[in-house]
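Visitor: Using full-length UniProt numbering, you'd call the opening residue of the sequence shown number 1 and step up by one each time. Next up is a structure, given as structure tokens.
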Amino acid sequence: MTNPTRFTRGDVELIARETRFKGYFQVDEYTLRHRKYDGSFSDPIKREIFERGHAVVCLPYDPVRDEVVLIEQFRPGAYASGREDCWLVETIAGIIEKGESPEDVAKREAFEEAGCEISDLVEAGNFMPSAGGCSEENVLFIARCDARTISGHHGLDDEGEDIRAFTLAFDQALEAAIQGKLVNMSLVTALFWLSFKRQDLRSRWLGLK
Numbered sequence: 001m002t003n004p005t006r007f008t009r010g011d012v013e014l015i016a017r018e019t020r021f022k023g024y025f026q027v028d029e030y031t032l033r034h035r036k037y038d039g040s041f042s043d044p045i046k047r048e049i050f051e052r053g054h055a056v057v058c059l060p061y062d063p064v065r066d067e068v069v070l071i072e073q074f075r076p077g078a079y080a081s082g083r084e085d086c087w088l089v090e091t092i093a094g095i096i097e098k099g100e101s102p103e104d105v106a107k108r109e110a111f112e113e114a115g116c117e118i119s120d121l122v123e124a125g126n127f128m129p130s131a132g133g134c135s136e137e138n139v140l141f142i143a144r145c146d147a148r149t150i151s152g153h154h155g156l157d158d159e160g161e162d163i164r165a166f167t168l169a170f171d172q173a174l175e176a177a178i179q180g181k182l183v184n185m186s187l188v189t190a191l192f193w194l195s196f197k198r199q200d201l202r203s204r205w206l207g208l209k
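Okay, here's the thing in structure tokens:
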């Protein structure tokens with residue numbers, strides 16, 4: 001699919017960018033104007049943008065057992081939203097630090113968050129989870145793993161992580177997504193992608209016909 005609009009970054013005029021907050025995350029205020037569909041330019045607008053860097057999302061999949069590796073952890077954002085279920089089932093994920101490749105981040109985070117060693121990474125897309133107010137882009141991988149050893153609690157103490165790792169049959173995980181029981185859209189996206197490509201990956205990784 002081609003981009004349905006003719007507009008690019010060249011159709012945006014950045015007037016000012018100022019950092020308004022810098023802590024664990026950063027908030028920048030952008031003043032800009034952009035070309036409109038009638039060909040004119042908008043009036044200057046101000047928007048606060050949540051700057052947290054770009055990230056990798058990874059769903060480990062065991063083609064032999066037909067299982068996915070999932071994690072569960074407390075999420076402050078879920079608490080702030082008013083949800084009762086503040087511990088969310090998610091994919092493995094991590095911020096891409098300077099000098100790191102997305103593949104290296106996926107392997108590091110899989111081991112840190114789930115004690116999971118992954119291989120044969122397949123890039124399944126690049127997406128922006130909340131482009132209206134956040135600059136973050138995610139690279140999604142599906143990766144091969146051996147799910148037999150996945151269990152227990154993981155995470156880095158110095159990052160305040162307390163993560164439970166577990167496995168789930170792929171069909172069960174997909175059904176949970178279809179029924180709306182999963183609220184982490186990275187996980188939902190990964191499961192739906194895998195639902196279309198699962199047999200191809202199993203054939204490739206296991207030599208099945």
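Just so you know, even glycine gets a beta-carbon here, dropped at the ideal spot from N, CA and C. Note that the coordinates shown come from a computational prediction; the quantities given were computed from them, not determined experimentally.
For the beta strand (DSSP E) that Pro60 lies in, which residues bound it at each end?
Guide: Start and end: Ala55 to Asp62.
Visitor: Taking Cβ positions, are Val139 and Leu201 nearer each other than 8 angstroms?
Guide: No, Cβ-Cβ distance for Val139 and Leu201 is not below 8 angstroms.
Visitor: Would you mind working out which of Val183, Trp193 and Ile150 sits nearest Gly77, comparing C-alpha positions?
Guide: Taking only the C-alpha atoms, the option nearest Gly77 is Val183.
Visitor: Is there contact here, the region 162 to 169 with the region 19 to 32, by at least three beta-carbon pairs under 8 angstroms?
Guide: The region 162 to 169 is not in contact with the region 19 to 32.
Visitor: Mind listing, in chain order, the continuous beta strand (DSSP E) runs of no fewer than 3 residues lying wholly within the region 63 to 89?
Guide: Counting whole runs of 3 or more residues, the region 63 to 89 contains the beta strand (DSSP E) stretches 67 to 74.
Visitor: Measuring alpha carbon to alpha carbon, tell me which residue in Arg9, Pro102 and Tyr79 is nearest residue 210.
Guide: No statement about residue 210 is possible, as the shown extent of the chain runs from 1 to 209 and does not include it.
Visitor: Helix, strand or coil for Thr31, going by three-state DSSP, please let me know.
Guide: Of the three classes helix, strand and coil, the one that applies to Thr31 here is strand, per DSSP.
Visitor: Contact defined as beta carbons within less than 8 angstroms: I believe Ala124 pairs with Trp193. What is the distance between those atoms, to the nearest angstrom?
Guide: With a Cβ gap of about 5 angstroms, Ala124 and Trp193 count as contacting.
Visitor: Starting from Glu109, trace the alpha helix (DSSP H) in both directions and tell me its first and last residue.
Guide: Start and end: Pro102 to Ala114.
Visitor: List the endpoints of the continuous alpha helix (DSSP H) containing Thr189.
Guide: Met185 to Leu206 is the extent of the alpha helix (DSSP H) around Thr189.
Visitor: Closest to Ala169 by C-alpha separation, out of Leu156, Ser186 and Arg198, would be which residue?
Guide: Of the listed residues, the one whose Cα sits closest to Ala169 is Arg198.
Visitor: Closer than 7 angstroms to a non-hydrogen atom of the ligand MG - does that hold for the CB of Ala190?
Guide: Of the ligands one can find in the structure shown there are none, so the ligand MG has no counterpart to examine.
Visitor: Looking at the structure shown, is Ile150 part of a helix, part of a strand, or coil, going by DSSP?
Guide: Note: Ile150 maps to coil in three-state DSSP.
Visitor: To which residues does DSSP link Thr167 through a beta bridge?
Guide: Thr167 is bridged to Val69.
Visitor: Residues in the same chain with beta-carbon distance under 6 angstroms from Arg47, minus the five sequence neighbours each way, listed in chain order, please.
Guide: Counting only Cβ-Cβ distances below 6 angstroms, and skipping sequence neighbours, we find Tyr30.
Visitor: Using CA coordinates, which residue listed in Arg204, Gly99 and Leu187 is at the minimum distance from Val69?
Guide: For the residues Arg204, Gly99 and Leu187, the minimum Cα distance to Val69 belongs to Leu187.
Visitor: Mapping DSSP to helix, strand and coil, what is Arg144?
Guide: Strand at Arg144.
Visitor: Is the separation between the beta-carbon of Ala114 and that of Ile71 shorter than 8 angstroms?
Guide: Taking 8 angstroms as the Cβ cut-off, Ala114 and Ile71 qualify as a contacting pair.
Visitor: Identify, in the order they occur along the chain, each residue of the same chain with its Cβ nearer than 7 angstroms to the Cβ of Ala55, setting aside the five sequence neighbours on each side.
Guide: Cβ within range, chain order: Ala93, Gly94, Ile95, Ile96, Glu136 and Asn138.
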